[in-house]
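In this note's numbering, the protein residues as written are 5 to 252.
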Amino acid sequence: MEPKPGLYEEGIWQVNEQTLLNATNMRTESAEILVQEHLAHLLSYGVPVFVSITAPGIPGFRKIARFLAREVGAQIAGVEVYITQPDTGKGEELTAKFVRDATQAVRNELGPDAAIIVKLPPWPEHIRGLALGAQEGGATALAATNLLKALHLPEDATAAPVAGGLSGEALRPVALRCVWELAHDEQITLPIFGTGGVFTAAHVTDYLRCGASAVQVASGEWLEPGLSARLAMECDHTHPKTASAWKS
Numbered sequence: 005m006e007p008k009p010g011l012y013e014e015g016i017w018q019v020n021e022q023t024l025l026n027a028t029n030m031r032t033e034s035a036e037i038l039v040q041e042h043l044a045h046l047l048s049y050g051v052p053v054f055v056s057i058t059a060p061g062i063p064g065f066r067k068i069a070r071f072l073a074r075e076v077g078a079q080i081a082g083v084e085v086y087i088t089q090p091d092t093g094k095g096e097e098l099t100a101k102f103v104r105d106a107t108q109a110v111r112n113e114l115g116p117d118a119a120i121i122v123k124l125p126p127w128p129e130h131i132r133g134l135a136l137g138a139q140e141g142g143a144t145a146l147a148a149t150n151l152l153k154a155l156h157l158p159e160d161a162t163a164a165p166v167a168g169g170l171s172g173e174a175l176r177p178v179a180l181r182c183v184w185e186l187a188h189d190e191q192i193t194l195p196i197f198g199t200g201g202v203f204t205a206a207h208v209t210d211y212l213r214c215g216a217s218a219v220q221v222a223s224g225e226w227l228e229p230g231l232s233a234r235l236a237m238e239c240d241h242t243h244p245k246t247a248s249a250w251k252s
């Protein structure tokens with residue numbers, strides 16, 4: 005809800021041509037600024053807009069969801085609940101119960117018809133339990149995955165290392181495995197959004213082959229603005245079945 009001062013102004017380092025490191029402790033704006041200055045601009049494009057939220061604990065998720073329900077309501081298409089280990093607040097392990105409770109808190113504030121996508125960390129060994137927690141909490145869909153913890157060492161040997169999350173090309177093989185694990189689990193019935201390192205129509209196809217119902221583009225859009233639209237057109241022309249699945 006409140007702005008976070010953080011340590012880094014930009015918060016993004018380009019590791020290689022298609023891989024980014026996103027600083028964990030970066031400066032962020034308040035929810036009020038998001039609504040007043042950014043959301044109206046995004047809505048002007050006439051496309052569905054999802055708001056991604058995260059918080060240092062269940063009360064924080066509840067507070068943000070309540071604010072969104074009050075201030076923007078039906079203007080947005082839904083909310084992405086971004087789950088990552090620091091959100092548990094005091095260093096304890098991330099559990100299925102936390103994911104369930106966070107999802108349920110958002111669901112209770114936004115109502116039964118809201119679209120809630122729960123984005124999970126890239127942990128193939130543990131993602132199943134977290135996904136079941138999200139499903140039990142009332143998620144509409146799952147997104148796999150968010151960032152992989154990594155470290156950036158500045159060229160200046162006297163500068164402090166930068167802790168952050170890896171995204172882009174380096175994340176894709178891990179995210180594909182996570183999508184595969186979720187899509188082939190009989191107890192998980194939610195649609196899955198594949199995300200991580202999507203730069204080409206072939207990458208879209210890879211996620212759909214692993215069982216994703218849709219694909220998100222993040223780092224690719226940052227590195228190449230307009231990439232999402234280009235991929236949509238490419239899939240329409242060269243992979244009609246892929247495009248249909250992607251847009252479902």
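Glycine included, every Cβ here is placed at the ideal spot set by N, Cα and C. Predicted, not measured: the structure shown is a model, and the values here were computed from it.
Annotation note: the region 109 to 164 contains the following uninterrupted alpha helix (DSSP H) runs of length 4 or greater, listed N- to C-terminal: 131 to 141. Secondary structure in the region 18 to 79: the alpha helix (DSSP H) runs of 4 residues or longer, each lying completely within the stretch, are 44 to 47, 62 to 75 in chain order. By the Cβ test, the region 157 to 165 is not in contact with the region 115 to 124, since fewer than three Cβ pairs between them sit closer than 8 Å. With respect to the 7 Å criterion, LEU146 and ALA135 are classified as neighbours on the basis of their beta carbons. In the three-state reduction of the DSSP assignment, GLU185 falls in the helix class, which pools H, G and I. Secondary structure at GLY82: strand, using DSSP grouped into helix, strand and coil. In the three-state DSSP reduction, SER217 falls in the coil class, being neither helix nor strand. In the same chain as GLU21, and ignoring 5 residues on each side of it, no C-beta atom comes closer than 7 Å to its own.
The C-beta distance from TYR86 to THR107 rounds to 12 Å, too long to fall under 8 Å, and the pair is not in contact. Around the beta carbon of HIS42, a 10 Å sphere encloses fewer than 16 other beta carbons of the protein chains shown; the residue is thus reported as exposed. The C-beta of GLN220 has 16 or more other C-beta atoms within 10 Å across all chains shown, which makes the residue buried.
If you look at LEU227, you'll find it in the alpha helix (DSSP H) that goes 223 to 227.
Separation of ARG74 and GLY198 (C-alpha to C-alpha, rounded to the nearest whole angstrom) is 30 Å.
Sequence-distant partners of GLU140 (beyond 5 residues in either direction) whose C-beta falls short of 7 Å from its own C-beta, in its chain, are ARG104. Under the 10 Å beta carbon count, ASP117 is surrounded by fewer than 16 other beta carbons and is classified as exposed. DSSP, reduced to helix, strand and coil, places VAL202 outside both helices and strands of the structure shown, so it counts as coil. Among the bridge pairs identified by DSSP, ILE16 is matched with ASN26. Taking C-beta separations shorter than 7 Å and ignoring five residues to either side along the sequence, the partners of GLY168 in its chain run LEU25, ASN26, ALA27, THR28, ALA154, HIS156, following chain order. For ILE196, DSSP records a beta bridge to LEU146. LEU231 sits in a helix when the DSSP states are folded into three classes. Under DSSP, VAL166 shares a beta bridge with HIS156. Across the structure, GLU113 and ALA161 are spaced so that their CA atoms are roughly 48 Å apart. By the neighbour-count definition (other C-beta atoms within 10 Å, threshold 16), TYR49 is an exposed residue. Beyond the five residues adjoining it in sequence on each side, GLN79 comes within less than 7 Å, by CB distance, of LEU47 in the same chain, given in chain order.
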